[in-house]
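In this note's numbering, the protein residues as written are 145 to 393.
The beta-carbon is built from N, C-alpha and C at its ideal position, and this holds for glycine as well.
A quick note: this is a predicted structure, and the numbers were derived from the prediction, not measured.
A short worksheet on the structure shown next.
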């Protein structure tokens with residue numbers, strides 16, 4: 145059960161495509177050690193290494209975000225990842241690489257379910273400022289952090305829904321929803337019953353175990369799979385799956 149998009153404009157200029165898992169291992173490249181001090185420039189280098197190219201303005205905002213993340217993550221409540229290169233790879237590149245895969249086109253408004261410290265919703269906002277984003281995150285400390293980031297970065301068209309996300313609690317009309325490491329697809333889709341428009345897209349960031357998940361928990365009949373892309377983040381061993389479902393009724 146695999147489908148791929150067809151047609152549409154090419155990815156935005158400057159975006160590198162992720163390595164396909166069936167195309168062989170990513171080429172080895174020499175890189176600096178983990179002891180190197182974090183800098184804005186090093187962040188940009190790491191993103192390029194992992195298939196992401198962003199403008200200087202976006203890099204400025206992402207670097208400012210990183211500083212806020214480190215400042216407010218003393219008890220690891222925002223993320224348990226602490227290494228600079230690990231965060232750049234497993235959070236920033238993992239989310240930002242989607243912009244090219246989506247050809248720079250995001251449904252709007254777009255709700256990020258279980259946003260945590262802003263992944264992927266805040267990252268999408270940085271590279272797609274015209275997309276209206278709603279960050280759904282119930283934990284108070286993370287809500288406070290997200291609101292601080294929005295204020296400090298001067299972001300517009302983005303808000304925080306600070307409650308548990310259910311079909312009863314969230315009824316804001318949206319054209320899209322996205323989740324990353326939240327819960328199974330079959331459980332998430334019914335939560336969108338009172339918000340996602342017919343024709344809207346539900347986007348899931350998953351790992352290689354998604355096939356077993358879909359076999360064990362079939363998706364609701366009012367959704368159809370319109371995009372299933374498997375890939376590897378360049379210069380890593382991280383295999384990923386991007387699945388997009390369209391609501392049909």
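{"Asked": "Between the CA atoms of residue 232 and residue 314 - distance to the nearest angstrom", "Found": "31 Å"}
{"Asked": "Contacting residues, own chain, Cβ-Cβ under 7 Å from residue 368 (five flanking each side not counted)", "Found": "389, 390, 392"}
{"Asked": "Alpha-carbon spacing of residue 281 relative to residue 264, whole angstroms", "Found": "12 Å"}
{"Asked": "CB contact flag (residue 364, residue 317, <8 Å)", "Found": "no"}
{"Asked": "7 Å Cβ shell around residue 158 - same chain, five flanking residues per side excluded", "Found": "With a pLDDT of only 38 at residue 158, under the threshold of 50, the placement of this residue in the model should not be trusted; the figure read from the coordinates follows. Same-chain partners within the cutoff: 197."}
{"Asked": "3-residue-minimum beta strand (DSSP E) runs that sit fully inside the region 312–386, ordered along the chain", "Found": "318–324, 340–350, 367–376"}
{"Asked": "Chain-order list of residues whose beta-carbon lies under 8 Å from that of residue 276 (same chain, five-residue window excluded)", "Found": "252, 253, 254, 301, 302"}
{"Asked": "Nearest-angstrom beta carbon gap, residue 290 and residue 205 [assumed within contact, 8 Å]", "Found": "The pair is not a contact, with the Cβ atoms about 14 Å apart (cut-off 8 Å)."}
{"Asked": "Distance, residue 270 Cα to residue 156 Cα", "Found": "Unreliable placement is indicated for residue 156, whose pLDDT of 39 sits below 50; no coordinate value is reported for it."}
{"Asked": "Range covered by the alpha helix (DSSP H) that runs through residue 304", "Found": "Unbroken run through residue 304 is the beta strand (DSSP E), 302–305; no alpha helix (DSSP H)."}
{"Asked": "Strand pairing of residue 390, partner residues [DSSP]", "Found": "345, 368"}
{"Asked": "Helix, strand or coil at residue 280 according to DSSP, with G and I counted as helix", "Found": "strand"}
{"Asked": "Bounding residues of the alpha helix (DSSP H) (the contiguous stretch that carries residue 213)", "Found": "200–215"}
{"Asked": "Straight-line Cα distance separating residue 337 from residue 386", "Found": "22 Å"}
{"Asked": "Other residues of its chain near residue 258: CB distance less than 8 Å, five sequence neighbours each side excluded", "Found": "280, 281, 309, 323, 324, 325, 326, 327"}
{"Asked": "C-alpha distance - residue 373 paired with residue 190, whole-angstrom precision", "Found": "23 Å"}
{"Asked": "Buried versus exposed call for residue 262 [16 or more other C-beta atoms within 10 Å across all chains shown]", "Found": "buried"}
{"Asked": "Own chain partners of residue 362 with C-beta closer than 7 Å, once the 5 adjacent residues on each side are dropped", "Found": "330"}
{"Asked": "Proximity to residue 184 [Cα-Cα], best of 193, 208, 194, 242", "Found": "208"}
{"Asked": "Separation of residue 283 from residue 214, as counted between CA atoms", "Found": "18 Å"}
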